[in-house]
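These notes are about the structure you will find just below.
Numbering (my numbering), first residue to last: 3 to 517.
Pasting the structure below:
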């Protein structure tokens, strides 16, 4: 089949069929990578689908000379050329004279080392190089010539050594052994692809040959969209919240006033988190309206809430002594890109305070949110100026710190994270507060995975919630579990301009471990 792989498809199939009339089986070898491999296999598949031929594919490795190997096959090995130059110069040569005699510095340098190792040459007292024997056997050239003539060598150690010296390379060779099939013929019969009304009317369908369906064909790539890995992990975490009876909060307000983002959470106006170095402030417009109802159904007393927040900051209220500083309404109305979704939680809890359950008191509730927040931070491998926060809030009567710890064990257990450790921490709006740690097998150390606590009375009572209602709050980032699940070490490979589209398209949906 020499030269049979260069023509068009129709001509190639015809050549295969005519070649089989004189040689059965027919053998064809193609070195890969080679464009004709695809063409030849396509032609064979076409004939095989019609049962005109059968074939098998045989794959083997073959040694091929590199350019340096070809040079050795023609002129001898480097060490042999060095020896021959010194043998002809009876008195010996300096290194410079040897380079001039051979005409190639690389051959001279490599050949010297090999020749000294084989003890073919030696050095005289005056520093010259000379031949140390009368004759040598150029084994390297012999091995190279065997490979050039027979395309292989029986000794694997020889092949490994020549490959290490970059004299040869190993390439794949595909052989097709082709036999005549049960419906062998010298011409391709025309195959119909559709059963038409005309064929039924004339009866020609009875003698027509129909092309069989290929039920194994993969079909064309549809270039469909793909979910980002963050969305895949977000979906799994949402399902965990829904399984545990949580209601999702609306988180479409990226811009908040300082009142909702800080003041309602009992964050003092002198807190470092409110500095320009940590928070993005809006310049146009720079301030918000005072909290107010935005629909006729909203019956909450916003004015009283405003005054409660002012009082609990300035002089204390609801059993608290407050921060004892002059609280500024202007600072409270500055617009910021929200630094946490807890601002949404505060608004939802304020709405909960206006609801009445069967006993005339606010009913127990569970809320969660997963959305983007913004911090004025330096970008590095683990930090971005924006990220996603996962937050949960549980409001009920008779809640205790032990109950929060038990809930955290259950919640993170559904994500496959167990053996939690808790460490006391400080948050302006929770007391007591706890950082949550878990043992990371890969890093072989405890790593922080979240934060939690019980919201302070200064925050809850100002909203109008009953004094005996307690609220758990906990949160974690969405990026950290995503990076762990997908093995990402640099957050900029997960979000931003460094993300590869193939990474988005190829990564599978994540399945968090569930109890």
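Beta carbons are placed, not taken as given, at the ideal position from N, Cα and C, and that holds for glycine.
At the C-beta level, residue 433 and residue 472 stay beyond 9 Å of one another. Annotation: residue 492 is outside any beta strand (DSSP E) and is labelled neither H nor E by DSSP. The three-state secondary structure of residue 441, taken from DSSP, is strand.
Of the candidates 314, 64 and 80, the residue whose Cα lies closest to the Cα of residue 71 is 80. Under the three-state reduction of DSSP, residue 243 is assigned to helix. Taking C-beta separations shorter than 6 Å and ignoring five residues to either side along the sequence, the partners of residue 439 in its chain run 423, 448 and 450, following chain order. Its Cα nearest to that of residue 246, the residue 415 stands out among 112, 348, 120 and 415. Scanning the stretch 241-327 for uninterrupted beta strand (DSSP E) segments of 3 residues or longer gives 257-259, listed from N- to C-terminal end. Of the residues 140, 347 and 114, the one whose Cα lies closest to the Cα of residue 131 is 114.
Within 10 angstroms of the beta-carbon of residue 143 lie 16 or more other beta-carbons, which makes it buried.
Nearest in C-alpha terms to residue 359, of all of 468, 190, 193 and 315, is 468.
Residue 429 has 432 as its beta-bridge partners, per DSSP.
Secondary structure note for residue 164: its alpha helix (DSSP H) is the uninterrupted segment 158-166. Looking at 25, 59, 94 and 318, the one whose alpha-carbon comes closest to that of residue 126 is 94. Under the criterion of beta carbons closer than 8 Å, residue 107 and residue 101 qualify as touching, at roughly 5 Å. Annotation for residue 478: 392, 451 and 452 place their beta carbon closer than 7 Å to its own, counting only its chain and skipping 5 residues before and after. The Cβ neighbour count for residue 265, taken over all protein chains shown within 10 Å, is at least 16; the residue is labelled buried. CA-to-CA, the gap between residue 216 and residue 74 works out to about 51 Å.
The distance from the Cβ of residue 281 to that of residue 337 is about 11 Å, inconsistent with a contact at the 8 Å cut-off. Every beta strand (DSSP E) stretch that sits fully inside the stretch 363-424 and reaches 3 residues is listed by chain position as 367-376 and 388-399.
Excluding residues up to 5 positions away in sequence, 18, 19, 22, 46, 49, 180, 181, 182, 183 and 186 lie with their Cβ nearer than 8 Å to the Cβ of residue 55 in the same chain. Restricting attention to 120, 351 and 375, the CA atom closest to the CA of residue 366 is found in 351. Contact annotation: residue 319 and residue 464 have beta-carbon atoms nearer than 9 Å. Across the set 189, 348 and 63, the C-alpha of 348 shows the shortest separation from the C-alpha of residue 251.
If the five residues before and after residue 341 are omitted, its C-beta is found closer than 7 Å to the C-beta atoms of 263, 275, 281, 375, 376 and 377, all from its own chain and listed in chain order.
Taking 8 Å as the upper bound for CB-CB distance, residue 506 and residue 230 are in contact here, some 6 Å apart. Boundaries of the beta strand (DSSP E) around residue 477: 471-479.
Within its own chain, the residues whose Cβ lies closer than 8 Å to the Cβ of residue 304, once the five positions on either side in sequence are excluded, are 292, 293, 294 and 295, listed in chain order. For residue 220, the three-state secondary structure derived from DSSP is coil.
For residue 372 against residue 239, the beta-carbon gap comes to about 6 Å, under 8 Å, which counts as contact.
The alpha-carbon separation between residue 306 and residue 436 amounts to approximately 31 Å.
In the structure shown, residue 501 adopts coil according to DSSP, grouped into three states. Residue 406 sits close to residue 455, with the two beta carbons spaced by under 9 Å. For residue 254, the closest alpha carbon among the candidates 489, 339 and 466 is that of 339. According to the DSSP assignment, residue 71 belongs to the alpha helix (DSSP H) that extends over 69-77.
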